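Residue numbers (my numbering): 1 to 259.
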């Protein structure tokens, strides 16, 4: 069965979620992955969006955190300050999904500027809630398409803390949460090495070579001693994911399509 790189990323990220997780969900691919998990192997997963919707169960993917679909299908809706102060900073969320314009080998993210901060080539939206998510969620999953411009040796601006510039800063700052534990790309799956916290390749997606992954990475990428092949999407996973995107497209038009 054929599938797209985006579908491979969505399915792989969804599989990392568990039934007991409380997940802080972002819009886009993280939302697709979390809802795919909810509709397949993790029906009791609790999804929380930044707008204040608790345990929401959307029938279609939201276009933004303010999409009415989230509030209409949530157990309840609270204020944004409560989401951050009580739920997030209170340590009640087990998984946060993040992405950015750049990621480095220690899982630090940049969503602020490309180039020098004072004279940037591109100015980006900024952190939003990502800084708090990265430090307060029990662990962080990063989902990003892989390429040498986005997977860089050093992020141009450290918007969101992973494990720090050297891999040690998170521990030195006394942050008790785990930080980035998973990096899913369209080519492979990376996880941090236990001691250095450097992201290393643990599995390659079907048909992907080590050379392809290395060429798409801006640092001297390392591979685990045993690199496995990522299990491809099953027929059921693809059927559920594609129907989710199809419902979204019907509800919102082309803007809601996921592929």
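Backbone N, C-alpha and C define an ideal beta-carbon position, used for all residues, glycine too.
Computed from a prediction, not measured in an experiment: that's the story for all the values here.
{"Asked": "If I follow the unbroken alpha helix (DSSP H) through residue 139, where does it start and stop?", "Found": "Where residue 139 is concerned, there is no enclosing alpha helix (DSSP H), although the beta strand (DSSP E) it sits in stretches over 139-143."}
{"Asked": "Cutting at 7 Å between CB atoms, please list the residues of its own chain near residue 74, excluding the five before and the five after it.", "Found": "53, 54, 55, 56"}
{"Asked": "Could you give the residue range of the alpha helix (DSSP H) that holds residue 192?", "Found": "Where residue 192 is concerned, there is no enclosing alpha helix (DSSP H), although the beta strand (DSSP E) it sits in stretches over 188-192."}
{"Asked": "Looking at residue 139: is its Cβ nearer than 8 Å to the Cβ of residue 203?", "Found": "no"}
{"Asked": "Looking only at DSSP bridge pairs, what is residue 178 linked to?", "Found": "Partner(s): none; residue 178 has no beta bridge."}
{"Asked": "For residue 203, report the span of its beta strand (DSSP E) as first-last.", "Found": "199-204"}
{"Asked": "If you follow the beta strand (DSSP E) that residue 60 is in, where does it begin and where does it stop?", "Found": "Premise fails: residue 60 is in no beta strand (DSSP E) and is neither H nor E."}
{"Asked": "Looking at the secondary structure, which residues open and close the beta strand (DSSP E) in which residue 224 lies?", "Found": "223-229"}
{"Asked": "With a threshold of 6 Å on Cβ separation, who are the neighbours of residue 112 within its own chain once the five nearest residues in sequence on each side are excluded?", "Found": "124, 126, 157, 159"}
{"Asked": "Check whether the Cβ atoms of residue 98 and residue 248 sit closer than 8 Å, and answer yes or no.", "Found": "no"}
{"Asked": "Could you tell me which residues DSSP pairs with residue 117 in its beta bridges?", "Found": "Residue 117 pairs with nothing; no bridge assigned."}
{"Asked": "So residue 96 is in the beta strand (DSSP E); what residue range does that whole segment cover?", "Found": "95-98"}
{"Asked": "On a CA-only basis, which of 34, 186, 19, 191 is nearest residue 178? Give me that one, please.", "Found": "191"}
{"Asked": "Do you know whose CA, among 231, 253, 221, lies nearest residue 105's CA?", "Found": "221"}
{"Asked": "Inspect the beta-carbon positions of residue 180 and residue 162 and report whether they are closer than 8 Å.", "Found": "yes"}
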